[in-house]
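In what follows, a structure is listed as structure tokens, so that the remarks can point back to it.
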Amino acid sequence: MFHVLGMMKNLLLVAQLTSSGHIVLFGPQDVKVYRNVEILGELVMMGQRMESVYVMSVETAKVYKTRRNETVDLWHMRLSHVSYSKLDTMMKKSMLKGLSKLEVRKDTVCAGSQYGKAHQLPYEESNFRAKEPLELIHSDVFGPVKQASIGGMKYMVLSLMTSREWRKAIEEELAALERNQTLELVPKLNGVKPISCKWVYKIKRRTDGSIEKHKGRLVARGFSQQYGLDYDEMFSPVAKLPSSTCSEQKLELVANGYHSEYVCKLRKALYGLKQAPRAWYGKIAEFLTHSGYLMTSADSSLFIKAKERKLAIVLVYADDLIITGDYEEEVLQTKESLSVRFQMKELGHLKHFLDLEVHDTRRSTTGYVFMLGSGAVSWCSKRQPTVSLSTIEAEYWATAMAAPEITWLVQLLKDLHQPIEYGVPLYCNNLSAIRLAKNSVFHARTKHVEVHYHFIRAKDLKE
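Residue numbers (mature numbering (1 follows the signal peptide of the UniProt record, and there is no 0)): -20 to -1, 1 to 443.
Next comes the structure, spelled out in structure tokens:
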């Protein structure tokens, strides 16, 4: 017997009854449980019990025809509405055992199949009239849905082309392609299969979450390119630097909106192609090399220019550049040269890179590590919650945050029957912070320190 929480009745498992020696008989209208009964009758099907499930054997099964007069429509429905032409082939070649040879008419139509393939019937004319603003909204794609969300909202799908911001983003992208002479419109050649392209839309946001701009980019569906036919090799940072033009002059794109007899012939690499990363890297690397930068052997995307122990560093990732260093004159000169050679936009101080947020803050970082034997067993590195007024205060806070971790580790070893009979030494690289922890007197310059940070004092006095 099983009890299910929330059900008013118990559940009885058939496998439990049969395990106790009972016979369960299922009838058309009821079920009966017998004990010590002898069964006489024709065996139709049998199976074996696998744990609590009975698995029937196909070899012992007997199938009886439910209809004596077979028709083509009956076999059509039995075989999951297979087409009549395939059914005729199966009958002529005797591909299915038990399938009679019947006459199949080519003009036979199945009503169920036609309804399944037919489109949805048109909506009936509505007599609804809106009485309030925004009560009736016309959407060119889908919606609004009848079912409202938990918050009472009704969702709809709109076309991006109806938005003024997205139209402007598309116009800017097309203007950039035309200005850079990336592609040209040419007649379609016979025997050449062009590569399709699509628009990719993205909303760029500021650090506060507000929208900075709507960006649209035309990219090629590079996954349809074949190795050895459309391109010879993928991008490799250590390979010989190529030119920025597309190496395959036969490469063509199908752009939506143009006449079907014309295609876009690429003059330069476009996003999405296999050659695009290699072409862009080659062009920017060639420019930086001519400007006096040296490619590092450890990272081919890192370029360095040194003069009198001052460095100017340029890090390349896709179409993003990070320019930094203490060689301020060269950093400014590099920005101006890049702006003249390429169409680029300076985004100011580094805030986001590879989906990582880079925040400039005055808060100190607390870091500690605890060693047991020759291995580290616990460590931490995190920013302090507030800004410290001095280095002593920051180091003192760090030791105070490490003290509770020591207490927990000592208790853990005690529970593992490995007690520590001596005080655990805590090393700090600031003598003033150590003296502050050992002195129980509250100084005038440390009155603002929160009370719970003086936990290290109590632990030091206890030890």
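The beta-carbon is built from N, C-alpha and C at its ideal position, and this holds for glycine as well. Keep in mind it's a predicted model, so treat the numbers as computed, not measured.
Problem - Separation of Pro399 from Gln391, as counted between CA atoms - result: C-alpha separation (whole angstroms): 8 Å.
Exercise for the section: Rank Arg15, Arg29, Lys12, Met36 by C-alpha distance to the C-alpha of Leu23 and give the top, closest one. Expected result: Comparing Cα-Cα distances from Leu23 to each of Arg15, Arg29, Lys12, Met36, the minimum goes to Met36.
Practice task
On the DSSP bridge assignment, give the partners of Gly305 in chain order.
Solution key: Its beta-bridge partners are Ala292.
Handout entry: Contact test: Ser37 Cβ vs the ligand PLP heavy atom, cutoff 7 Å
Key = Judged by which ligands are present, the structure shown has none, so any question about the ligand PLP falls away.
Practice task
Please classify Val404: does DSSP put it in a helix, a strand, or coil?
Solution key: Of the three classes helix, strand and coil, the one that applies to Val404 here is coil, per DSSP.
Exercise for the section: Would you mind stating whether Leu291 and Ile284 have Cβ atoms separated by less than 8 Å? Expected result: Against a cut-off of 8 Å, the Cβ pair of Ile284 and Leu291 comes out as a contact.
Exercise for the section: Taking only the alpha-carbon atoms, compute the straight-line gap between Gly305 and Val349 and give it to the nearest angstrom. Expected result: Going from the Cα of Gly305 to the Cα of Val349 covers about 31 Å.
Practice task
Have a look at His194 and Glu316 and give me their C-alpha separation to the nearest angstrom.
Solution key: Straight-line Cα distance between these residues: approximately 26 Å.
Problem - Under the three-state DSSP convention, the category Lys315 falls into - result: Reduced to three states, the DSSP call for Lys315 is helix.
Problem - Under 8 Å between C-beta atoms of Glu375 and Ser358 - result: No; because the gap between Cβ atoms is not below 8 Å, this pair is not in contact.
Handout entry: Rounded straight-line distance, which links the Cα of Thr162 to that of Leu246
Key = Straight across, the Cα-Cα distance linking Leu246 with Thr162 is about 6 Å.
Problem - Minimum C-alpha distance to Ile19 - residue among Glu31, Gly27, Leu5 - result: When each option's Cα is compared against that of Ile19, the closest is Leu5.
Exercise for the section: Pull up the CB-CB distance for Leu406 and Thr379, whole angstroms please, since I reckon it's below 8 Å. Expected result: Correct: roughly 6 Å between the Cβ atoms.
Problem - Short Cβ contact (8 Å threshold) for Val52 with Leu82 - result: Cβ atoms of Val52 and Leu82: closer than 8 Å.
Practice task
Decide if residue 444 is buried, meaning its Cβ has at least 16 other Cβ atoms within 10 Å, or exposed.
Solution key: Since the first residue of the chain shown is -20 and the last is 443, residue 444 is not available in this structure.
Exercise for the section: Rounded to whole angstroms, what's the CA-CA distance from Ala155 to Arg147? Just pull it up for me. Expected result: Cα-Cα distance, rounded: 12 Å.
Exercise for the section: Quick one: grab the DSSP three-state call for Asp53. Expected result: Asp53 falls in the helix class under three-state DSSP.
Practice task
Compute the distance between the beta-carbons of Pro124 and Lys134, then report whether it is under 8 Å.
Solution key: For Pro124 and Lys134, yes; Cβs fall inside 8 Å.
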